[in-house]
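Count along the sequence shown starting at 1, add 274, and that's the number in our numbering.
Where is the CB? At the ideal position from N, CA and C, for every residue including glycine.
Bear in mind that the values here come from a model prediction, so they are computed numbers and not experimental data.
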Amino acid sequence: MLSTILSGRYGGCILIVWSSFFFVGMDTIAQNLIREVGMSSEQVILMRMMLTFPPILASAYFFRPEILWQLNIFPSSFDSIFARNTKLPLHADVDDTAGPTEERPLLSAATTARHDYHHDHVRARVIWAKSLLATAAAVMGYSAFGYAALSDIIAIFNTRVFPAAILCWLLLGEGITWKTGLAALVSTGSVLVIVQPSFIFGDTETQDDAHSPDGRYLGYALAIITTFTQALDLTVMRKLGKGVQVGSCLLSYAITASFFCFFYVCAAGIQLVGLTSPLVWLKLVTLSSVSFGSQCCCLMALQRETAARVSILSYSQIVFAVIAQIIFQGESPSLVKISALVAIMVAGVGSIVFEKPRPQSEADLKVDQTEV
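So, in structure tokens, the structure goes:
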């Protein structure tokens with residue numbers, strides 16, 4: 275039932291809305307750990323990733339070896355490692371570069387039909403490069419919040435639909451219709467009304483006074499670079515298509531971010547706090563779970579929808595965030611902000627209903643046929 279819904283016309287749209295819902299939960303828990311427990315943002319990322327990649331790695335090693343195949347940047351260098359955990363018959367696989375025919379494990383019918391993407395070491399390098407982009411975006415994004423006001427950074431981040439659409443148009447030939455463009459403009463304008471960044475509305479928040487002008491400019495620069503990095507990350511995922519296992523992208527990102535944040539924490543001398551409390555560990559486990567759900571849904575959505583539509587539907591994060599604010603903080607939005615929320619929802623629904631779905635590539639269609 276669920277697979278039928280997700281493979282339908284609105285499957286990608288449903289996935290990105292779920293991703294936005296999980297993202298708000300992740301952001302709420304992360305803010306609680308930073309403000310109430312006293313963790314640094316680097317520690318939050320480190321703990322989140324270190325709790326994420328062991329289960330994915332174990333699952334891939336014992337049950338989904340094709341995930342590890344897709345992360346192998348060396349041409350067929352680790353056959354014996356994967357063959358030990360593949361209880362399937364061997365088959366002859368001709369390798370023109372290796373000379374004689376050699377025996378290799380038959381990983382699964384699905385991955386074999388996907389043009390042997392699990393054997394493609396060039397694509398594996400692209401997946402690892404994508405993980406570097408995602409890690410850089412996460413680190414710069416968290417760092418930007420330390421230099422400029424929260425509303426300013428959120429406003430800049432939510433413009434990623436435009437560089438993402440431009441990059442996908444230039445590199446992948448994904449056109450953007452006037453309906454999608456109008457939805458993007460309406461959604462972006464509505465976000466600006468809700469968060470009211472100081473560079474447009476002036477210093478409307480007392481927290482803005484804590485940031486010096488030079489610090490703000492550095493925060494703006496980091497936010498802009500993060501936005502373009504996220505757009506490039508979306509473009510790379512669109513290029514990879516359905517042939518790539520979502521688990522491969524999640525595992526590579528978790529490993530890359532864990533190592534990077536670990537060395538950064540050690541080099542900067544950041545003290546790890548709160549690790550003796552069972553409640554804190556419960557929050558960390560919940561954080562890693564909802565962040566995994568958010569990333570998984572987002573990657574699956576990018577395999578089904580264009581980067582522009584995914585970015586537009588990601589504005590639903592603002593709607594969920596305001597709802598969470600009302601529930602947990604008791605803050606009631608003004609009539610203007612409520613109107614902006616309605617505009618975001620109307621623009622998102624309009625981009626789904628009135629926009630024709632983009633035809634899938636031949637490679638993605640073959641993957642769908644194999645999965646069926």
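- Closest option to L514, judged by alpha-carbon separation, among M323, R397 and I288: R397.
- Secondary structure in the stretch 392-471: the alpha helix (DSSP H) runs of 4 residues or longer, each lying completely within the stretch, are 395-418, 424-431, 435-446 and 452-469 in chain order.
- Note that the C-beta distance between M619 and L576 is not below 8 angstroms.
- C-alpha of C571 to C-alpha of G604: approximately 29 angstroms in a straight line.
- In terms of Cα proximity to V520, the closest of A334, P552 and Q317 is A334.
- Note that the C-beta distance between A418 and L320 is not below 8 angstroms.
- In this structure, L506 and L441 form a Cβ contact; the two beta carbons are roughly 6 angstroms apart against a cut-off of 8 angstroms.
- Contact annotation: V298 and Q591 have beta-carbon atoms nearer than 8 angstroms.
- Residue environment for I468: buried (at least 16 other C-beta atoms within 10 angstroms of its C-beta).
- Classified as buried, F534 has 16 or more neighbouring CB atoms from the shown chains inside 10 Å of its CB.
- Contact between M300 and L307 is absent: CB atoms are separated by about 11 angstroms, not below the 8 angstroms threshold.
- Between the C-alpha atoms of W292 and A528 there is a straight-line separation of about 21 angstroms.
- For V584, the enclosing alpha helix (DSSP H) has its first and last residue at A581 to L587.
- Segment contact: the stretch 455-468 against the stretch 427-439, three or more CB-CB distances shorter than 8 angstroms; contact assigned.
- Check the Cα spacing between Y421 and each of P607, S526, L546 and G489: the tightest is with G489.
- With contacts defined by Cβ atoms closer than 8 angstroms, L445 and C523 do not form a contacting pair.
- Using a 10 angstroms sphere on the CB of V616, the tally of other CB atoms stays under 16, which defines it as exposed.
- Rounded to the nearest angstrom, the gap between the Cα atoms of V311 and Q545 is 13 angstroms.
- Residue range P552 to L576 is occupied by the alpha helix (DSSP H) that includes F566.
- Per DSSP, reduced to three states, the secondary structure at N346 is coil, with no helix or strand assignment.
- Assignment of R338 by DSSP, reduced to helix, strand and coil, places it in the coil class.
- Residue G455 holds the alpha-carbon nearest to the alpha-carbon of V435 among A423, V596 and G455.
- As the crow flies, the alpha-carbon of S461 is around 44 angstroms from that of F336.
- S585 places its beta carbon 8 angstroms or farther from that of A457.
- In the structure shown, the three-state DSSP call for K611 is helix.
- In the DSSP assignment, Q599 falls within the unbroken alpha helix (DSSP H) covering S590 to Q603.
- Minimum Cα-Cα distance from L508 among the listed residues S551, L609, A408 and I601 corresponds to A408.
- The residue from A410, S565 and Y284 with its alpha-carbon nearest to that of I499 is A410.
- Only buried fits L325, as 16 or more other CB atoms lie within 10 angstroms of its CB.
- Counting only unbroken stretches of 4 or more residues, the alpha helix (DSSP H) elements lying wholly within the stretch 287-342 are 315-336, in sequence order.
- Rounded to the nearest whole angstrom, the CA to CA distance from G415 to T302 is 16 angstroms.
- Counting only residues of its own chain and dropping the five nearest sequence neighbours on each side, W402 has a CB closer than 8 angstroms to the CB of L345, I347, S526 and T530.
- Judged by their CB atoms, S532 and F296 are not nearer to each other than the 8 angstroms cut-off.
- Under the three-state reduction of DSSP output, G515 falls in the coil class, being neither helix nor strand.
- Restricting attention to F566, A304, T580 and R578, the CA atom closest to the CA of P328 is found in F566.
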